[in-house]
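First the structure, in the form of structure tokens, and then the observations on it.
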Amino acid sequence: MSEIYAWAAIGLIVLASTTGDVLLAYSMKRVGDVGELLRRRGLLAVIGRVLKTPTFTAGVLAMAVAFYSLLFGLSWGNLSLVAPASAALTFVANAMAARIFLHERVGRRRWIATLLVACGVVLMAL
Amino acid sequence: MTFRKYLVLAGISLFATAGDSLLARGMKNLGGISLHHLSGLLLAILNPWIAAGILLLLAFFACYLSALSWADLTYVLPATSLGYVLVGLIAHFGFHEEISLTRWLGIALIAAGVGFVAAGPSVTPARQHQDAVAGSAQTVSQPGEVRP
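Going down the list, the protein sequences come from chains G and X. According to this note's numbering, the first sequence is numbered sequentially starting from 13. According to this note's numbering, the second sequence is numbered sequentially starting from 9.
What follows is the structure, given as structure tokens:
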């Protein structure tokens, strides 16, 4: 039974954190280079601008769902299953989502890097 | 990519790794949380390990947002996975833990992945990206919008 809970948690983590990552990446691209903004307008302007982006709030909500799913998963399932499985699947899901929704140029180099990291994460947990 | 930007990427790896470790430690203290006692999840924040973990994850989040403002998501994610390698190296050289061959192989794969993505461009060229952001405005923001 706890196995099913663990995989349900993993599925939820992957879905929620991919949604969150894409929304946050989208929001921050709209805000623009934070380092430059910080030098020109100061910290408060940066925080204000980030908080005023509606997709940012949605992204944080999705991240909160992912965070609490992770807490659930960790309290039920094995750390050695939940952590690497959700991390590896999130890497791959994010690469696909970034290509589809953010129109990032995900070339061969980035795919190889993503898959290397995902496989490495799984191997480290074996 | 300036030195400061590489520092931000390093901050993402370090803070995320340390924060997650503290969280895992705290959750082990608490034990299982059942679906019928969801309040246990809210109270989890009162555990000092979890509180410290959350503080570090906040630092991670600030670095992460900063990186996403000047680099692609598909660049930031693989480039900041060095944390996994760090944990392995600290466990071996700091705490003299045995590391199996498969774990060393995993560490090597991740390090290779990081090197691979870091050697490439960090952001999709500007003009195309502007088009992409404008084009995806409808697809991304609509399902994400939260209305009370």
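Backbone N, C-alpha and C fix where the C-beta goes; we use that ideal spot for every residue, glycine too.
On a Cα-Cα basis, can you pick out the residue from the options that is closest to residue i?
i        : options                               : result
Leu65/X  : Phe11/X, Leu109/X, Lys13/X, Ser29/X   : Ser29/X
Ser39/G  : Ala75/X, Leu113/X, Leu117/X, Ala119/X : Ala75/X
Val125/X : Leu138/G, Arg122/G, Asp33/G           : Arg122/G
Ile53/X  : Phe69/X, Leu17/X, Arg33/X, Tyr72/X    : Arg33/X
Lys64/G  : Gly54/G, Arg53/G, Arg42/G, Ala74/G    : Arg42/G
Ile118/X : Lys36/X, Asn55/X, Tyr92/X             : Tyr92/X
Val94/G  : Met108/G, Ala78/G, Leu73/G            : Ala78/G
Leu126/G : Ala26/X, Thr82/X, Ala116/X            : In the sequence as presented, Leu is not what sits at residue 126/G; that position holds Thr. Cα-wise, what sits closest to Thr126/G is Thr82/X.
Gly27/X  : Pro56/X, Ser130/X, Leu63/X            : Leu63/X
Pro86/X  : Gly121/X, Ala70/X, Arg111/X, Gly19/X  : Gly121/X
Leu22/X  : Leu113/X, Cys71/X, Gly102/X           : Cys71/X
Gly128/X : Ala18/X, Ala67/X, Val84/X             : Val84/X
Val133/G : Pro96/G, Ile124/G, Trp88/G, Met108/G  : Pro96/G
Ser14/G  : Gly89/G, Val129/G, Arg120/G           : Gly89/G
Leu31/X  : Leu15/X, Ala18/X, Ala59/X, Ser47/X    : Ala59/X
Would you report the Cα separation of residue i and residue j, rounded to the nearest angstrom?
i        : j        : result
Cys131/G : Gly47/G  : 33 Å
Ala110/G : Leu90/X  : 21 Å
Arg135/X : Glu106/X : Here Arg135/X scores only 47 on pLDDT, less than 50, and its place in the model is too uncertain to base an answer on.
Trp19/G  : Arg52/G  : 47 Å
Leu135/G : Arg12/X  : 32 Å
Ala24/X  : Val118/G : 24 Å
Ile16/G  : His100/X : 33 Å
Ser92/G  : Thr10/X  : 36 Å
Glu116/G : Leu73/X  : 17 Å
Asn37/X  : Trp57/X  : 9 Å
Thr88/X  : Ser98/G  : 16 Å
If contacts are defined as beta-carbon pairs under 8 Å, then residue i and residue j qualify, I think. What distance do you get, rounded to the angstrom?
i        : j        : result
Ala137/G : Ser81/G  : Actually they are not in contact, since the Cβ atoms of Ala137/G and Ser81/G sit about 18 Å apart, beyond 8 Å.
Phe165/G : Val58/G  : Residue 165/G is absent from the model: chain G starts at 13 and stops at 138.
Ala100/G : Gly32/G  : With 8 Å as the limit, Ala100/G and Gly32/G do not qualify as a contact, their Cβ atoms being about 17 Å apart.
Gly102/X : Ile115/X : Actually they do not touch by this definition, with Cβ atoms about 15 Å apart.
Gly71/G  : Leu36/G  : 4 Å
Ile98/X  : Phe68/X  : In fact, because the Cβ distance is near 17 Å, the residues do not count as touching under 8 Å.
Hey, would you say the C-beta of residue i is under 7 Å away from at least one heavy atom of the ligand SAH?
i       : result
Ser92/G : This structure lacks the ligand SAH; in fact it carries no ligand of any kind.
Tell me whether the segment 96 to 115 of chain G and the segment 16 to 35 of chain G touch, counting them as touching only if at least three CB pairs, one residue from each stretch, are closer than 8 Å.
yes
Uninterrupted beta strand (DSSP E) stretches inside the segment 85 to 128 of chain G (no shorter than 3 residues)
none
Evaluate contact between the segment 71 to 85 of chain X and the segment 81 to 91 of chain G, counting only Cβ atoms and requiring at least three cross-stretch pairs below 8 Å.
no
Within the segment 60 to 135 of chain X, ranges of the alpha helix (DSSP H) (whole runs, at least 4 residues)
81 to 87, 90 to 97, 109 to 126
Entirely within the segment 40 to 66 of chain G and at least 4 residues each: give me those alpha helix (DSSP H) ranges in chain order.
46 to 53, 55 to 63
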